[in-house]
Amino acid sequence: MRLTDAWPKPTRSLLPLNRAEHYSTARLEELWAQRGGSGRLLKASASCVPEQAAVPSVPTEADTVWSEKSIAAIPHHYLSSASGAPSMGLLLLALVLALALGRTVAARCPAVCVCDNLRAHVLCLRQNLTAIPDTIPELTKQLDLRGNSFKVITAGAFLSTPYLTHLDLSNSQLERVEEGAFRGLGRLLHLNLASNSIAVLYQEALDGLSSLQQLILRQNNLEEMQPGAFSRLASLTLLDLRENALVYLPDMVFQGLQSLRWLRLSHNALHVLGSEAFTALPALRRLSLDHNELQALPSDALARLSEATRLELDHNPITYLAEEAVAMASLQHLSLEHAALQDVAPDAFSRSPLLRTLDLAHNQLQGLPALVGVGGLVRISLDGNPLLCSCLLLPFHRWMGRARVQTEGTCVAPPALQGRPLDSLRPSEMKCGQPQVPIPNPTVPSVQTGGTTSGPCPTGCTCSPEFHHANCENRGLRKIPRGFPTDTQLLDLRRNALGMVPMGAFLGLKALVSLHLQSCGITELHPGALRGLPSLVYLYLSDNQLSTLVPTAFEGVPQLSYLHLDHNAFMQVPSGAFQLLPNLFSLHLQHNAIGELAKGDLAGLAGLRWLSLAGNVIRSIGPTALAATKMLEKLHLERNSLKEVPTASLHHLPALSELKLSQNPIKHIRDGAFLPVSGSLQHLYLDNMGLEKISPSAFAGLGPKIKSLHLESNKMSSIPVMSNFTRLEILNLRDVPFHCDCRLLPLYRWIEKLNLRTGATCASPAEAQGQKVKFSTTFQNCPGWRARGASADKAKAARKPSKRKRSEKPPSKGFRKNKA
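So the sequence shown is residues 2 to 821, counted in the numbering used here.
In structure tokens:
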């Protein structure tokens, strides 16, 4: 018998073979000789581990020493018998070597992480990592990287962990996922990218995820998903895109998702859907489009979903359902509650013959006609509608009786029937004693359809007829070429030395939705430069040299929703330039040289939701500078020169939910600083400001709403009591020099009750330096501490049974009492 016969041969499912490289034949012979072993056994073991094996990672010296000591400790008579025949000692030696190999794997665990090699789980939670650790064990299956600071996931970041099945990168400040970032993760099933700042999903960003089943992109800043971004995700069953900034869905955007069953698009700003947006989703069963800005039902797009059974369109400003508006052959459940419906055509649902439940609650319907073609309908909800139960509603009332449809709704008029359930009325009670005003029939929104004629592609560019995408990036162009296919929807002209954009540069591209002009050295946008682009939603002019804009620069782009003017040379906001942009949703002016925000600078932006002015030199904001943006939800003012909170300017922002003031030289936050937005503010960033003092009532009114508060890296030694902050999910107090004396006791008691990691640390006095505030012992000498501690001990004692009572308890099932 050779030593090889007793050695458990490593396989990919247990340990990689290369983990045993330091147990070469020569080393085993040396260790055996030290124990006085016979040469015959060593010669027989020459094939134990090949010396020429691949060595991608070298074990540490500590591992080798441990292994040698273990082997040296084996008694010689365990390793051989008097006759020279192999003994059970061989098995012991094999076991020791196997344990040494396991220790080598464990040694690869990154210092800031927790590794469970038994279950192949690695946890690197909230460690401020800026790059993916390169020493994660190769066989890891579940990797949790939540709460870090990655910013970018680079190409091939996970090539060293090919066995991952679950990857969590949520809350990690991600702004970009490079193309090829997840290549090599062919076994990954679940990917969580929620709560980051990803704005664009590039074409090959998700390549390599052939087995992925669930993709979570909730709560990002997604504005655009490039055609083909999902083309390699054939196994995906759930795609969660809730709470992003999507305004438009282009044709074929979900191509490749042939297994997708649930698509979640709730809480975006969608108001334009391409007629082929949902094409190539043959397995889709549920579509969530609630809480968007659809003004008309996207009938053409929905008709492509022949297998969908559930559709959610709640909270959209849809006013009218026209004839055959809902044409979904398999639809069973339709929800349209809290919309703006005023009228429904009799055959609005006739092309959805399997419809069973229809929720029209909380609309503006005074009634419904007798519906046609819905023989399977069993329930309609009309709760919360101003139902006029007169003779005008008789046709519907008789129909619901014949069809035996359960109908929920209450009469608002006439006065004699007010408050009566609709299904309790008799036809004789539904009278028209006086001339009735007919139910208003709102104007049906018109839908424009354009041709899709393709044409040639300009020299030097690449045009994709399948995705309606034209790419001229970095082709050395000196002017904007002509002759793109008329159905082009995305045009990429980045990194060309264009210098300026002349009038009518894009005439004929009526279907264009996304235009990329970043890094083109543009100094001037001529009047009417964008004329003829009625469908344009995204315009990227970042990283140019623009310093001013004429009032007619944006003429001809009424649907523009996202405008990127960051990293230019503006010294002031180009006032007047936004008057022609009634649908602008997000304006990026960060990293310019803007010094102030004055009255009228944002005129015309009544629908603006996001405004980024970070990285400028803003010293003042006029009291009415933000008055034109009453719907603003996110205001980013970090890295400016503000010396105080612009409280007066906040009076005009009743919907503001996120305010960033980080890295401004604000030394003191005064009482009531955030009162104007206390009813809506949820996320407040006050970190890295050199803040020295926070007044006792600085956060007055914020308690019930606030979810995250960032105060890290400041200079104050204490903060006010915040016990009314009852919904906090994030509280960051790292790198704040707290003075842990009795004046900080209220904060200590509050933090002690929180189920949050705050990072609060004592900087003084000397005996408490470095201690976490939550666990510091310096507060035990404070007045009132002992009484509180005694009452706590008494309560604890009341819960804990006495020694005698414990001894009288019966033994646990399955165990005997141990008399010893």
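By construction, the Cβ of each residue, glycine as well, lies at the ideal position given by its N, Cα and C atoms.
Original post:
Quick one, which of 262, 641, 296, 652 has its alpha-carbon nearest residue 842's?
Top reply: With the chain represented from 2 up to 821, any question about residue 842 goes unanswered, as that position is not in the structure.
Subject >> Cβ pair count under 8 Å reaching 3, the stretch 409 to 416 against the stretch 388 to 395 >> reply: When C-beta atoms of the stretch 409 to 416 are compared with those of the stretch 388 to 395, three or more pairs fall below 8 Å, so the two segments count as touching.
**OP:** State buried or exposed for residue 361, treating a residue as buried only when at least 16 other CB atoms are found within 10 Å of its CB.
**Re:** buried
**OP:** Kindly list the residues whose CB is nearer than 6 Å to the CB of residue 330, restricted to its own chain and excluding five residues on each side of it in sequence; keep chain order.
**Re:** 307
Original post:
Straight-line CA distance for residue 419 to residue 369?
Top reply: 18 Å
Subject >> Endpoints, the beta strand (DSSP E) within which residue 287 is located >> reply: 287 to 289
**OP:** Determine contact between the stretch 507 to 517 and the stretch 483 to 494, defined as no fewer than three beta-carbon pairs at a distance below 8 Å.
**Re:** yes
Subject >> Through-space distance from residue 558 to residue 529, alpha-carbon basis >> reply: 10 Å
Original post:
Short check: CB of residue 643 to CB of residue 682, under 7 Å?
Top reply: no
Original post:
Just the Cα atoms here: how many angstroms apart are residue 190 and residue 259?
Top reply: Approximately 16 Å between the Cα atoms of the pair.
Subject >> Beta-carbon contacts of residue 725 that lie in its chain and below 6 Å, excluding the five residues immediately before and after >> reply: 704
**OP:** Just the C-alpha distance for residue 172 and residue 426, rounded to the nearest angstrom, thanks.
**Re:** 55 Å
Subject >> Cβ pair residue 340, residue 364 closer than 7 Å >> reply: yes
Original post:
Hey, is residue 272 close to the ligand ZN, as in C-beta under 6 Å from one of its heavy atoms?
Top reply: Looking for the ligand ZN in the displayed structure turns up nothing, as the structure carries no ligands at all.
Original post:
How would you label residue 554, buried or exposed, when you count the other beta carbons within 10 angstroms and need 16 or more for buried?
Top reply: buried
Subject >> Proximal residues to residue 572 (C-beta, below 6 Å), its chain only, five neighbours per side dropped >> reply: 594
**OP:** Check whether the stretch 626 to 645 touches the stretch 601 to 613, taking contact to mean three or more Cβ pairs, one atom from each stretch, closer than 8 Å.
**Re:** yes
**OP:** Look at the alpha carbon of residue 138 and the alpha carbon of residue 116, and state the distance between them as a whole number of angstroms.
**Re:** 8 Å
Original post:
What is the rounded straight-line gap between the Cα of residue 575 and the Cα of residue 156?
Top reply: 38 Å
Original post:
Quick one: Cα of residue 405 to Cα of residue 376, how far?
Top reply: 10 Å
Original post:
What first and last residue would you give for the beta strand (DSSP E) that runs through residue 313?
Top reply: 311 to 313
**OP:** Output the residue ranges of the alpha helix (DSSP H) runs that lie fully inside the stretch 341 to 385 and measure 4 residues or longer, sorted by chain position.
**Re:** none
Original post:
What's the call for residue 567, buried or exposed, on a 16-neighbour Cβ count within 10 Å?
Top reply: Buried, by the Cβ-count rule.
Subject >> Whether residue 240 touches residue 216 by CB criterion (7 Å) >> reply: yes
Subject >> Counted within 10 angstroms of its Cβ, other Cβ atoms place residue 433 as buried (16 or more) or exposed >> reply: exposed
Original post:
Would you report the Cα separation of residue 464 and residue 301, rounded to the nearest angstrom?
Top reply: 26 Å
**OP:** Mind reading off the beta-carbon distance from residue 466 to residue 484? Whole number of angstroms is fine, and I expect it under 8 Å.
**Re:** So it is not a contact: roughly 15 Å between Cβ atoms.
Original post:
Do residue 734 and residue 760 have their C-beta atoms closer together than 7 Å?
Top reply: Pairing residue 734 with residue 760 gives a Cβ-Cβ distance under 7 Å.
Original post:
When the distance is taken between beta carbons, is residue 699 closer than 7 Å to residue 667?
Top reply: no
Subject >> Contact check, residue 526 vs residue 502, beta carbons under 7 Å >> reply: yes
Original post:
Which full runs of the beta strand (DSSP E) of 3+ residues lie inside the stretch 665 to 703, going along the chain?
Top reply: If we require 3 residues or more, the beta strand (DSSP E) runs fully inside the stretch 665 to 703 come out as 684 to 686.
Original post:
With distances taken between CB atoms, is the gap from residue 224 to residue 195 smaller than 7 Å?
Top reply: For the pair residue 224 and residue 195, the CB atoms are not nearer than the 7 Å cut-off.
**OP:** Please list, in chain order, all residues of the same chain as residue 542 whose beta carbon is under 8 Å from its beta carbon, the five residues on each side excluded.
**Re:** 518, 519, 523, 526, 564, 565, 566, 569
**OP:** Go to residue 749, then tell me how far its alpha helix (DSSP H) extends in each direction, as first and last residue.
**Re:** 746 to 754
**OP:** Taking the CB atoms as reference points, tell me whether residue 262 and residue 280 lie closer together than 7 Å.
**Re:** no
Original post:
Thinking just about the alpha-carbon of each residue, which of 685, 714, 694, 719 is nearest to the one in residue 707?
Top reply: For residue 707, the closest of 685, 714, 694, 719 by C-alpha to C-alpha distance is 685.
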